[in-house]
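*Asks:*
Protein chains: 2
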Amino acid sequence: MPELKRSRRTQAERTRASREKIIQAAIEFFARQGFRGAKMADIARAAGLSEPGLLHHFPSKTHLLMGVLEERDRIDSERLRATLQQEGSHFLDALTKLVEHNETVPGLVQLFTILAAESVSAEHPAHEFFIGRYQREREHMTESIAQAQQAGEIRADLPAETLTALLFAMMDGLQVQWLLEPEKISMASLFRAMADLLKAGIRE
Amino acid sequence: MPELKRSRRTQAERTRASREKIIQAAIEFFARQGFRGAKMADIARAAGLSEPGLLHHFPSKTHLLMGVLEERDRIDSERLRATLQQEGSHFLDALTKLVEHNETVPGLVQLFTILAAESVSAEHPAHEFFIGRYQREREHMTESIAQAQQAGEIRADLPAETLTALLFAMMDGLQVQWLLEPEKISMASLFRAMADLLKAGIRE
DNA sequence: GTCTATACCCTGATAGAC
DNA sequence: GTCTATCAGGGTATAGAC
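Residue numbers (this note's numbering), protein chains in the order written: chain S, 138 to 341; chain E, 138 to 341.
1. Keeping to the same chain, check which residues put their C-beta closer than 6 Å to that of E/I160; ignore five residues upstream and five downstream.
2. Do you know how far the Cα of S/F249 is from the Cα of S/R270?
3. Could you give the DSSP three-state label for E/E150: helix, strand or coil?
4. For S/F305 and chain E, any beta-carbon pair shorter than 8 Å?
5. Our contact map puts S/A184 next to S/L191 with C-beta atoms below 8 Å; I'd like the distance itself, whole angstroms only.
6. Could you check if E/R151 is buried or exposed, using at least 16 other CB atoms within 10 Å of its CB as the buried criterion?
7. Apart from the five residues on each side of it in sequence, which residues of its chain come closer than 7 Å, Cβ to Cβ, to E/M138?
8. Can a CB atom of chain S be found closer than 8 Å to the CB of E/K336?
9. Would a C-beta distance cut-off of 8 Å place S/F172 and S/L217 closer than the cut-off?
10. Can you have a look at S/Q312 and say buried or exposed, based on whether 16 or more other CB atoms are within 10 angstroms of its CB?
11. Beta carbons nearer than 8 Å to chain E: which residues of the stretch 314-338 of chain S have them?
12. Looking at the C-beta of S/R173, does it have a partner C-beta in chain E at a distance below 8 Å?
13. At a CB-CB cut-off below 8 Å, which residues of chain E make contact with S/Q247?
14. Which residue from S/V246, S/Q247, S/S226 and S/T220 puts its Cα closest to that of S/L235?
15. Measure the alpha-carbon distance for S/R275 versus S/E298 and round it to whole angstroms.
16. Output yes if chain S places a C-beta closer than 8 Å to the C-beta of E/A253; else output no.
17. Between E/G289 and chain S, is any beta-carbon pair separated by less than 8 Å?
18. Excluding the five sequence neighbours on either side, which residues of its own chain have a C-beta within less than 7 Å of the C-beta of E/A181, listed in chain order?
19. Within the continuous alpha helix (DSSP H) that includes E/H194, where are the two ends?
20. Mind checking S/S197: buried by the 16 CB within 10 Å criterion, or exposed?
21. Using a 10 Å radius around the Cβ and a threshold of 16 neighbouring Cβ atoms, would you call E/E157 buried or exposed?
Given below as structure tokens:
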């Protein structure tokens, strides 16, 4: 039954396409108004369907949030991982390139800035998610930094764990100032200044 | 008319006391759930009055938010100012002391972390407030840093404006990681590591 | 200055048809 | 998989008495 098979595949593709549109719309509104401020009706409309239509794919607002976070986190983690493991170039230069890339996707930066801050509250649905995310990413970066220290690329007078926490904090903190005043604050060049401070052999 | 006068003063004192209780309660709930998540009913109950009782003092939720921000900003800016202008001790040590102090008031740190992140959205009622706040505070800190550079306390191979943005970003970013895992992340000692990087004459 | 009562809108979610 | 219709509950704010 070729018809049946094609019909099934078309259905599945439609489902995937709908989910994709919903995720995109949800990113937009979660980024603009946070989890609590975003309205399911707006997201549904932007995705081109009704509210119950949306709820068919994500049975609750929290499910939708987790869907967005898992989807985006998968992509972004992969990018970070690739950056950290980049061969041939200086580790801190690769990280600076990541910050440069972030300047081209303000919506995604705003999504994670707002949701991460909201999530520090223990009652936020993404609280555990962000704790796990930071733990995971810090672990990976610490490995890369330790290697770069042994290779003599990064100053070795500070533990790799410390440098990791500082670098993530710098990225997160610069994002807030940049999102508030993108014309005034150059996230990438400020981060580059920080990176230079951490390179081995720098003298004033 | 001594009675009338005393009665008037008592009224005014009661008003001040009510406003103070409301502000305290609002800090608690804005810190826990952000502006959009916090409920006027909860704040009113925690302040010991009804919802219309609260609205007598702050005619809308936005007015209440601005009341909280102006009140806390006044106190915190003063503390930062005093820190920046502290004589006799190293500028960066004074700043580290401020971070140490922040570790004793997690509620206030969470208030500003969540509200600052929420406010990057142009439609947030505190958007302009936080833009102005960062501009103001960066200006003051830049002055202090330039002086410390001339005094030979801070490395002078970076512009004071750059160092200012980096220091604020570091404070903000560390707060997120610390609020998520206060037992694991020591905000003050991580900030001290950053401060040491910026002291003049440091060698690896 | 504070209350009770209430208007009125919004919001996430469900029921059930197609 | 998507819709229309609808619900129950929560949300800010107002009216008017005390």
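Don't be surprised by glycine CBs; every beta carbon is placed ideally from N, CA and C.
*Replies:* Taking the coordinates as given:
1. V205 and E208
2. 11 Å
3. helix
4. yes
5. 6 Å
6. exposed
7. The predicted position of E/M138 is uncertain, since its pLDDT is 38 and thus under 50; no value can be drawn from it.
8. no
9. no
10. buried
11. Q314, L316, L317, E318, I322, L327, A330, M331, L334, L335, A337 and G338
12. yes
13. V257 and S258
14. S/T220
15. 8 Å
16. yes
17. no
18. S187, E188, G190 and L191
19. E188 to H194
20. exposed
21. exposed
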